[in-house]
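Written below as structure tokens is the structure these notes are about.
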Amino acid sequence: VLLAWLLSFLFSIPILLLYEEKVIQGRTQCWIELEEQWQWQVYMSSVAILVFAIPTVIISACYAIIVATIWSKSSHIVVVNHAHKRAKVGLEKYRTPHLDHDHD
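Going from the sequence shown to our numbering is simple: count from 1 and add 685.
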């Protein structure tokens, strides 16, 4: 939990440094004032990577691990079910014959 808070604070530092309050049409708003075009490109690229690309990779990896785990566990279940069915078939020859009471 501490790591999550530290990372949140770390990623909030640019907001603390770059944003400034401006009154526009009588309302206070937060704006970023970057002088050069390359600064905007660096900022927007960083936001896109940190907010979209990295979380997408992490979530996709987690889903892949979940699917692989379920897939491998389900193959064990199928094998166990087949073994159980074979054991049942093998035991049927040891059962006592069924007596049919319909004959008079």
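We put the CB at the ideal spot given by N, CA and C, even for glycine.
All of these numbers come straight from a predicted model, not from anything done at the bench.
Rounded distance between the beta-carbons of residue j and residue i, thought under 8 Å
i    : j    : result
E706 : T713 : 5 Å
F696 : L735 : 7 Å
L701 : I717 : Between I717 and L701 the Cβ distance is about 12 Å, and since that is not below 8 Å, they are no contact.
Beta-bridge pairing of residue i - partner residues as DSSP gives them
i    : result
Y790 : Residue numbering for the chain in the displayed model covers 686 to 789; residue 790 lies beyond these limits and cannot be assessed.
E706 : C715
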